[in-house]
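As structure tokens, the structure follows; a few thoughts come after it.
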Amino acid sequence: MGEQERILWNYADSRKVFHTHIKNGVPYLSFRALEESGITVDGFSTRMGGASTGKFATMNFSYSRGDDPEHVLENYTRMAEALGVDRDQMVVSWQTHTTNVRLITREDAGKGVTRERDYRDVDGMICDIPGITLVTFYADCVPLYFLDKRRRAIGLSHSGWRGTVSKMGQVTLDAMREAFGTRPEDVTACIGPSICQECFEVGEEVAEAFSQAFARKDWDSLWHKGRPGKYQLDLWRANQLILMEAGVPEENISVTNICTRCNCRYLFSHRKEGEERGNLAAFLGLRP
């Protein structure tokens, strides 16, 4: 069994959240709930199957971390071929831990991949145009995928602890409602691979911010005390609660059980590697 087959075997998921794929030598994960809709294409990359070398090895999607731009472009090309989408119709976020959500239009096609972005401070994107693929970056933070099957609209958002405490999931749903008339009860939402509670140690100031943002009844499910002055925070549960409070039915929410830090051999992790690494990417588009 080759290395790519081993990683996918290790991702075997008893809760049936993910499908695992290797296409054209590129391994990636996709959400069963989104695949079963029949109207989207989605993926979450690994650090395997790309052209990058050294600390970026091998599937890095960031142009801004010092990687060879030709390698990064080749990685987009390979992932686009694996997903069966048009590389030049991808649109990339510019993440700075905001809750800013951009409505993507046809004029945005290629921005961040083959064209310069004329925006910044965008941690979420929404779209209803078939053929456009949204792309966001990760190395421990939480990917949030949204599909409104009734109105055939999507959203993809980056939610680190700052985005989570500011309820990025709610903000994205609000943006979809304003743009497309989306109702939360019609939404399929997915919480993607990111850092798990046992790996995510935070200080008292972060725990205090979460205690102010979430109801007291939920505190025990969101964090527990670790070392003196430290807490173990569950971003997966926090984002699930945000989506449920926004009106997304619990049965419509898929929650990952894959930790980026626990699987840092296969997935980039900021907590494990610091700045000396590449970036993973999440992909979501409507089929033409």
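Okay, so the sequence shown: first residue is 39 according to my numbering, each after it adds one. Backbone N, C-alpha and C fix where the C-beta goes; we use that ideal spot for every residue, glycine too.
- If you ignore the 5 residues before and after G81, its C-beta comes within less than 6 Å of the C-beta of Y66, S68, L121, F321, all in its own chain and listed in chain order.
- Between the segment 182-200 and the segment 252-262, the count of Cβ pairs shorter than 8 Å is below three; the stretches do not touch.
- For M97, the secondary structure class from DSSP, reduced to helix, strand or coil, is coil.
- Between W132 and the set H196, G87, L111, M97, the nearest pair of CA atoms involves H196.
- In the DSSP assignment, T174 falls within the beta strand (DSSP E) that extends over 171-176.
- Pairing G169 with T210 gives a Cβ-Cβ distance that is not under 8 Å.
- Between V160 and R125, the C-beta gap is not smaller than 8 Å, which leaves the two residues out of contact.
- Taking all protein chains shown into account, T78 has 16 or more neighbouring C-beta atoms within 10 Å of its C-beta and is therefore buried.
- Under DSSP, I142 takes part in no beta bridge, so it has no partner.
- The DSSP-derived three-state label of V209 is helix.
- Apart from the 5 residues on each side of it in sequence, A217 sits with its Cβ closer than 7 Å to the Cβ of L141, I164 in its chain, given in chain order.
- Counting C-beta atoms within 10 angstroms of its own C-beta, S102 has fewer than 16 neighbours from the protein chains shown and is therefore classed as exposed.
- Here T202 is buried, its C-beta having at least 16 other C-beta atoms within 10 Å.
- When DSSP reads this structure, G193 sits in a beta bridge with I164, F184.
- Around A276, the same chain offers T202, L260 as residues with beta carbons nearer than 6 Å, after the five sequence neighbours per side are excluded.
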